[in-house]
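2 protein chains.
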Amino acid sequence: MKIAIIGTGAVGGYYGALLANAGMDVHFLVHSNFEHVRRHGLIVDSVNGDMVLPKVNAYGAPEDMPRCDIGIIALKTTSNEALKTILPTVLKPDATVVVLQNGLGVERQVLKILPGATAIGGLCFLCANKIGPGHVKHLDYGAIRMGQYRIDEKAAGITDQLSTVHEIFSAAGVPVNLSGDLGMARWEKLAWNIPFNGLSVILNADTSMLIQSEPAQALLRTIMLEVIVGARNCGYDIGEDFAETMIAATKKMVAYEPSMKLDYDGKRPLEIDAIYRKPLQAAAESGYRMEKIRMIMLQLEYLDRHNRML
Amino acid sequence: MKIAIIGTGAVGGYYGALLANAGMDVHFLVHSNFEHVRRHGLIVDSVNGDMVLPKVNAYGAPEDMPRCDIGIIALKTTSNEALKTILPTVLKPDATVVVLQNGLGVERQVLKILPGATAIGGLCFLCANKIGPGHVKHLDYGAIRMGQYRIDEKAAGITDQLSTVHEIFSAAGVPVNLSGDLGMARWEKLAWNIPFNGLSVILNADTSMLIQSEPAQALLRTIMLEVIVGARNCGYDIGEDFAETMIAATKKMVAYEPSMKLDYDGKRPLEIDAIYRKPLQAAAESGYRMEKIRMIMLQLEYLDRHNRML
Chain A
2 MKIAIIGTGA
12 VGGYYGALLA
22 NAGMDVHFLV
32 HSNFEHVRRH
42 GLIVDSVNGD
52 MVLPKVNAYG
62 APEDMPRCDI
72 GIIALKTTSN
82 EALKTILPTV
92 LKPDATVVVL
102 QNGLGVERQV
112 LKILPGATAI
122 GGLCFLCANK
132 IGPGHVKHLD
142 YGAIRMGQYR
152 IDEKAAGITD
162 QLSTVHEIFS
172 AAGVPVNLSG
182 DLGMARWEKL
192 AWNIPFNGLS
202 VILNADTSML
212 IQSEPAQALL
222 RTIMLEVIVG
232 ARNCGYDIGE
242 DFAETMIAAT
252 KKMVAYEPSM
262 KLDYDGKRPL
272 EIDAIYRKPL
282 QAAAESGYRM
292 EKIRMIMLQL
302 EYLDRHNRML
Chain P
2 MKIAIIGTGA
12 VGGYYGALLA
22 NAGMDVHFLV
32 HSNFEHVRRH
42 GLIVDSVNGD
52 MVLPKVNAYG
62 APEDMPRCDI
72 GIIALKTTSN
82 EALKTILPTV
92 LKPDATVVVL
102 QNGLGVERQV
112 LKILPGATAI
122 GGLCFLCANK
132 IGPGHVKHLD
142 YGAIRMGQYR
152 IDEKAAGITD
162 QLSTVHEIFS
172 AAGVPVNLSG
182 DLGMARWEKL
192 AWNIPFNGLS
202 VILNADTSML
212 IQSEPAQALL
222 RTIMLEVIVG
232 ARNCGYDIGE
242 DFAETMIAAT
252 KKMVAYEPSM
262 KLDYDGKRPL
272 EIDAIYRKPL
282 QAAAESGYRM
292 EKIRMIMLQL
302 EYLDRHNRML
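Laid out in structure tokens, this is it:
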């Protein structure tokens with residue numbers, strides 16, 4: 002069983018290294034630093050113990066890769082245009098595709114590109130950053146919440162394909178929680194990502210600065226509650242106490258810069274489409290306008306364009 | 002007829018210099034740079050021609066000033082606590098007080114302090130900055146919209162006291178537009194100040210950067226429309242086309258950093274209370290929650306505290 006890691010940044014590097022370290026047949030598509038990874042492999046400095054993989058199967062182009070049974074998408078969503086050419090090249094037509102990305106809409110895109118595939122969404126609760134070529138620093142956490150995607154967007158339950166992927170990740174030491182309802186899991190993750198990612202960029206703050214500030218906490222709460230109402234309108238009944246649970250959980254976390262903040266500071270494009278526009282559209286289609294989230298999105302769009310001199 | 006200029010920054014320095022230049026008996030309360038102004042007077046570099054007043058009546062403390070007939074409040078609203086001691090010291094009990102400040106609530110405060118006074122609100126359409134001790138740079142505009150305040154907050158009409166103040170400013174060459182309905186005039190000004198002041202700080206942008214950006218323009222518009230609904234709920238029926246009028250007018254303005262942006266960059270306190278909290282409260286009392294403006298306020302509160310290390 003061949004596994005393709007599509008995108009070898011913090012997420013792809015971390016999970017790919019764990020899978021390879023467990024003896025699986027892993028093939029890394031490496032966009033930046035391909036030469037370095039080909040020569041020196043991968044290093045993961047992890048709170049759970051460091052990993053050094055001096056030799057990995059690294060590829061600079063999809064056409065050089067073997068056809069794989071499992072594809073793990075770990076690109077930034079801002080690069081998802083590339084999936085159109087990558088997926089049919091790298092994966093078998095009936096592959097299982099695990100989307101380790103935030104936001105909405107990617108599994109649907111995967112099934113449009115590979116109609117015979119199985120799409121599984123994975124939500125990573127991972128604090129990890131790429132700190133150099135082929136070098137990932139793992140700060141905290143690491144579990145993945147996974148659920149299978151159905152093209153009709155109904156709850157898929159715990160399918161055989163989902164269980165297979167579960168076993169693979171478990172064998173590599175990755176804690177996996179299965180969800181029979183991927184949509185619900187995605188919206189719950191959005192309830193964290195939408196306020197924390199956006200405000201960390203707009204207010205130039207890490208999670209701890211936000212959570213310790215009275216006005217910022219009020220903002221986090223009001224935005225989260227709007228996500229929860231949006232989710233409910235889309236058919237996912239996240240409880241109202243979920244916001245307080247998330248705020249309390251984040252209080253206990255180490256101070257952390259959300260991925261969008263790291264992207265902004267690195268002058269990379271922000272994942273506005275997957276984390277903001279798609280959820281806004283989904284809620285609007287269900288008849289609910291998430292006006293506060295639209296404001297955050299517009300602020301991010303302004304900042305992103307100026308940041309990259311567009 | 003003695004005139005007290007209470008606060009000799011950009012606004013007080015500019016209008017005070019014009020009044021003194023026209024031969025009126027003007028007395029300046031100078032908080033910072035008192036010694037400099039006492040010795041060297043005031044300089045105004047103006048698009049309408051420069052003014053040099055080598056000698057002005059400058060005072061470092063209210064108790065040194067003569068009792069005046071007219072008081073012109075040109076402090077930042079963030080210093081309004083000081084009015085409690087300044088006004089009774091500097092003004093006659095039946096003085097006419099002209100509040101050249103943004104936001105809501107100050108005229109009421111003035112009448113609480115000096116119950117026998119006449120309170121007039123003045124909205125300055127002025128681009129001017131203090132660029133040094135006793136030195137104001139006047140970039141553009143300069144008109145004042147004035148209306149009398151009634152303690153019951155009803156429209157006062159064009160009163161005799163208002164006409165007197167009108168004559169004084171007109172004699173000094175200041176264009177004055179009278180309003181019989183100060184509340185309406187204040188809310189119209191808020192429809193500009195609330196979006197432009199807040200977003201200029203949050204997005205680190207001048208008026209031109211905001212107005213030329215598609216997402217920022219969408220933000221300006223949605224915030225303005227909320228102010229307009231808030232005003233309507235408070236009994237001030239600003240037309241719905243007012244937002245487009247303001248956006249079009251700002252497009253024609255020279256690029257300008259709103260006063261709140263200058264305060265932020267100078268690490269001075271932001272006028273959040275007068276420009277955001279008071280209007281939010283007024284609208285809430287009328288039964289309308291301006292949720293978008295609350296978000297902007299919370300963002301500003303966070304930024305203001307971090308900016309000043311509070």
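From first to last, the protein sequence lines are chains A and P. Taking my numbering, the leading residue of the first sequence gets 2, the next gets one more, and so forth. Taking my numbering, the leading residue of the second sequence gets 2, the next gets one more, and so forth. Yeah, the Cβ is synthetic: ideal placement off N, Cα and C, and Gly gets one too.
Secondary structure at His-28 (chain A): strand, using DSSP grouped into helix, strand and coil. Taking 8 Å as the cut-off, the Cβ atoms of Ile-152 (chain A) and Leu-179 (chain A) do not count as close. Among the CB atoms of chain P, none fall inside 8 Å of the CB of Lys-77 (chain A). With respect to chain P, the C-beta atom of Met-291 (chain A) has no partner C-beta closer than 8 Å.
Taking a 10 Å sphere around the C-beta of Ala-284 (chain P), we find 16 or more other C-beta atoms and assign the residue as buried. Each of A:Pro-196, A:Tyr-277, A:Asp-266 was checked against the Cα of Gly-106 (chain A), and the nearest Cα belongs to A:Tyr-277. Taking a Cβ-Cβ threshold of 7 Å, the residues of chain P close to Leu-304 (chain A) are Leu-204, in chain order. Under DSSP, Ile-74 (chain A) forms a beta bridge with A:Ile-7, A:Val-100.
The DSSP-derived three-state label of Pro-94 (chain P) is strand. Looking only at A:Thr-86, A:Gln-102, A:Ile-203, the smallest Cα-Cα distance to Asp-266 (chain A) is reached by A:Ile-203. The beta carbon of Pro-216 (chain P) sits closer than 8 Å to some beta carbon of chain A. Taking CB atoms only, Leu-299 (chain A) has a neighbour in chain P less than 8 Å away.
Cβ-Cβ separation between Asp-207 (chain A) and Tyr-257 (chain A): approximately 6 Å, consistent with a contact (criterion under 8 Å). Membership of Arg-146 (chain A) in any alpha helix (DSSP H) is not indicated; the residue belongs instead to the beta strand (DSSP E) covering 136-149. With its beta carbon at least 8 Å from every one in chain A, Met-261 (chain P) lies outside the interface. The closest CA to that of Asp-242 (chain A), considering only A:Met-225, A:Met-254, A:Asn-234, A:Val-255, is found on A:Met-225. The C-beta separation of Ile-71 (chain A) from Val-99 (chain A) comes to about 7 Å, placing the pair in contact by the 8 Å criterion.
For Asn-205 (chain A) and Lys-262 (chain A), the gap between their C-alpha atoms comes out near 8 Å. Exposure of Thr-86 (chain P) is indicated by the presence of fewer than 16 other C-beta atoms within 10 angstroms of its C-beta. Per the coordinates, the alpha-carbon of Gly-184 (chain A) lies some 25 Å from the alpha-carbon of Ala-5 (chain A). Approximately 19 Å separates the beta-carbon atoms of Leu-101 (chain P) and Ile-132 (chain P); this is outside 8 Å, ruling out the contact.
Scanning chain A for C-beta atoms nearer than 8 Å to the C-beta of Leu-220 (chain P) yields Met-296, Leu-299, Gln-300, Tyr-303, reported in chain order.
Between the alpha carbons of Arg-306 (chain A) and Gln-149 (chain P) lies a gap of roughly 45 Å. Here Val-31 (chain P) has Thr-9, Val-38, Ala-59 as same chain residues with Cβ atoms under 6 Å from its own Cβ, once five neighbours each way along the sequence are excluded. The alpha-carbon of Glu-82 (chain A) is positioned some 11 Å away from that of Ile-114 (chain A). If you look at Asn-81 (chain A), you'll find it isn't in any alpha helix (DSSP H); DSSP assigns it neither H nor E. Residue environment for Ser-287 (chain A): exposed (fewer than 16 other C-beta atoms within 10 angstroms of its C-beta).
Taking 8 Å as the cut-off, the beta carbon of Met-52 (chain P) is found closer than this to the beta carbon of Ala-18 (chain P).
Bounds of the beta strand (DSSP E) holding Asp-46 (chain P) are 43-47. Nearest in C-alpha terms to Met-2 (chain P), of all of P:Val-12, P:Ala-11, P:Gly-13, P:Asp-26, is P:Asp-26.
Assignment of Leu-179 (chain A) by DSSP, reduced to helix, strand and coil, places it in the strand class. Gly-174 (chain P) and Met-147 (chain P) do not touch by the CB rule: their CB atoms are close to 15 Å apart, not below 8 Å.
By the CB criterion at 8 Å, Val-45 (chain P) and Val-137 (chain P) fall inside the cutoff. The closest CA to that of Cys-128 (chain P), considering only P:Tyr-289, P:Tyr-16, P:Leu-311, is found on P:Tyr-16. Put simply, of A:Arg-109, A:Phe-29, A:Thr-119 the residue whose alpha carbon is nearest the alpha carbon of Ala-75 (chain A) is A:Phe-29.
A direct Cα-to-Cα measurement between Pro-89 (chain A) and Thr-119 (chain A) gives close to 13 Å.
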